[in-house]
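Numbering-wise, the sequence shown is residues 1039 to 1423 according to the working numbering.
All residues carry an ideal CB built from backbone N, CA and C; glycine is no exception.
So the structure is just underneath, and the comments pick up after that.
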Amino acid sequence: MTRRQWAAMVSGLLTAIVVAAGLVPVTLRAQSKPPAAAPPPADTTATGAKYQAAMAEWKSKIVPAAKKEGEVIWYSCAQATEAEGTITAFNKAYPDIQVSQVLSPGFQLVEKINTESAAGRVQADVYQCGGQSGRTLSWRGLSEDFVPPTALDPSVKWRWPIMNKETHLAGVFASVSGLNVNTKLVPAEKYPKSYWDLVRDPYWVDLIKRKRVAFTDPRIANIGVYHVYGLKDVNGKDYGEPFIREFAGLKPKLFGFNESGEVARGELHAMLGGPWRVEYSMGTVSITKLCLEPGCVSTQSPLFAVVKGAPHPNAAKVFVDFMLSREYAEWRVQALGNTPARADVAPRPLDDPAKHKLQYAGDDRAERQITEVLKWVIASKLFDY
């Protein structure tokens, strides 16, 4: 491990301590404000001529310059397995470019990049994390309007538009979030059918009060606020603010960042909004995913962006373009169980958004509305316990 990588690890641990100390909501007050007017949409039409022109420049200028730069500083919330696998896959294709990860939650990385930019000393080349924090980077004008050549390849078909038109970010794969349940601890006859069951069924009320059910903290830019948005706004007629207040009143255990297998290990009966890991899909652990009425939520994440003013701009572009490659998509399906944007790579059945009832599409429009819900959650103090 290089000195830079050790420094990145220490940085990640320190920022994790900040999250645990409860300092996250203050940071997000500044983060969650998008600009008044949306930037013009990016032109990502995949025409043969445009692709050929992009590839000509790519081969003659970008890739040679990237190899000369020889380094990518990757600001990312990717945990160990994902980060190590991503770097290994990238270096198989580009062994001349070293990748160093700086690990932190997405919203903290955005603030770090913002501070670096204001001081005129940008250290990050590539940013990658979730939908909220990634779009915040773009809304603040901190990302380049870069369209990877692979996004223009007319021979590649996508499950959704690979480039987000407003924010110019690459949505490489989708994740479906529901209620993760330990099947050894929770009998099938006790599985909840709707979100209302969590606050009205005595069985689930008791578990939540005893901190045996967790929720991803909705006061941060993570999957928890996506659930709140779906229930409060998208399905406000049947759920709305009354449900959010009733659920928060039970004081579910909150995780400031993604869980690390507590449900699978039996430390929790269930978690709402936790990540769905590849071992869950393979049936090697006692866990299942439930899409309660009115449905699961899904995001196009991680969102990859080339940071404006990056010290290694060409290497950054090569790194982001590789994330759209078939080989990387195949690795993510096998190693992490994600659903790739590429339609020529089949997802695992339990991770395919097409096989789940979803509340809404996690696109730029939804993300703008989610920023307002995020501010509402923080101001309401419902989860400040």
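Anyone know if the C-beta pair for residue i and residue j falls short of 9 Å?
i: L1180; j: N1152; result: yes
i: H1394; j: C1329; result: yes
i: F1421; j: A1259; result: no
i: V1383; j: A1308; result: no
i: V1164; j: I1100; result: no
i: L1141; j: A1162; result: no
i: G1123; j: L1341; result: no
i: P1186; j: L1362; result: yes
i: T1119; j: L1374; result: yes
i: A1252; j: K1291; result: yes
i: Y1132; j: A1104; result: yes
i: P1391; j: A1212; result: yes
i: F1293; j: V1237; result: no
i: S1114; j: Q1166; result: yes
i: Y1233; j: F1285; result: yes
i: A1130; j: E1300; result: A small correction: the amino acid at residue 1130 is Lys; Ala does not occupy that position in the sequence shown. No, they are not a contact pair.
Can you tell me whether residue i is buried or exposed? The criterion is at least 16 other CB atoms within 10 Å of its CB, across all chains shown.
i: P1313; result: buried
i: S1193; result: exposed
i: K1355; result: buried
i: D1389; result: buried
i: K1270; result: buried
i: S1215; result: buried
i: G1287; result: exposed
i: V1411; result: buried
i: A1189; result: buried
i: S1438; result: Given that the chain is displayed from residue 1039 to residue 1423, the structure contains no residue 1438 and the question cannot be resolved.
i: A1353; result: buried
i: D1402; result: buried
i: R1257; result: buried
i: P1351; result: buried
i: E1149; result: buried
i: P1079; result: For P1079, the predicted structure reports a pLDDT of 42, less than 50, and the residue's modelled location is therefore unreliable. The matter cannot be settled from this model.
i: T1337; result: buried
i: G1321; result: exposed
i: P1378; result: buried
i: Y1267; result: buried
i: Y1089; result: buried
i: K1419; result: exposed
Cβ-heavy atom distance between residue i and the ligand SAH below 8 Å?
i: A1121; result: This structure simply doesn't include the ligand SAH, nor any ligand for that matter.
Measure the C-alpha to C-alpha separation of residue i and residue j and round it to an integer number of angstroms.
i: F1184; j: S1176; result: 11 Å
i: V1243; j: T1126; result: 45 Å
i: A1370; j: Q1139; result: Looking at the sequence itself, residue 1370 is Arg, so the reference to Ala does not match. R1370 and Q1139: Cα-Cα distance of roughly 18 Å.
i: L1147; j: K1275; result: 36 Å
i: R1386; j: N1376; result: 8 Å
i: C1334; j: S1298; result: 20 Å
i: I1325; j: P1332; result: 21 Å
i: R1159; j: A1092; result: 29 Å
i: K1249; j: V1358; result: 40 Å
i: F1360; j: E1227; result: 45 Å
i: I1200; j: A1116; result: 20 Å
i: G1108; j: W1414; result: 44 Å
i: R1380; j: Q1372; result: 14 Å
i: E1368; j: P1240; result: 43 Å
i: D1235; j: W1198; result: 33 Å
i: R1283; j: T1254; result: 16 Å
i: A1417; j: E1279; result: 13 Å
i: F1128; j: D1191; result: 20 Å
i: V1035; j: K1231; result: Residue 1035 lies beyond the stretch modelled for the chain, which goes from 1039 to 1423, so this question has no answer here.
i: L1396; j: K1327; result: 13 Å
i: V1323; j: L1306; result: 14 Å
i: A1094; j: I1246; result: 58 Å
i: I1135; j: K1106; result: 8 Å
i: Y1423; j: K1222; result: 30 Å
i: W1096; j: E1182; result: 16 Å
i: K1195; j: S1155; result: 36 Å
i: D1102; j: G1400; result: According to the sequence displayed, residue 1102 carries Pro and not Asp. Going from the Cα of P1102 to the Cα of G1400 covers about 36 Å.
Could you round the C-beta distance between residue i and residue j to whole angstroms and report it? I think they count as a contact, below 8 Å.
i: N1202; j: G1209; result: 6 Å
i: A1302; j: Y1277; result: Incorrect: roughly 28 Å between the Cβ atoms, too far for contact.
i: V1316; j: Y1398; result: That belief does not hold up - the Cβ atoms of V1316 and Y1398 are roughly 25 Å apart, past 8 Å.
i: G1304; j: G1262; result: About 22 Å; that fails the 8 Å criterion.
i: R1173; j: L1207; result: 7 Å
Please decide whether residue i counts as near chain B, where near means a Cβ-Cβ distance under 9 Å.
i: A1348; result: Given the protein chain composition of this structure (a single chain), no chain B is represented.
Is it the case that the segment 1344-1352 contacts the segment 1399-1418, given that we only count it when at least three CB pairs across the two stretches are under 8 Å?
Verdict: no, contact absent.
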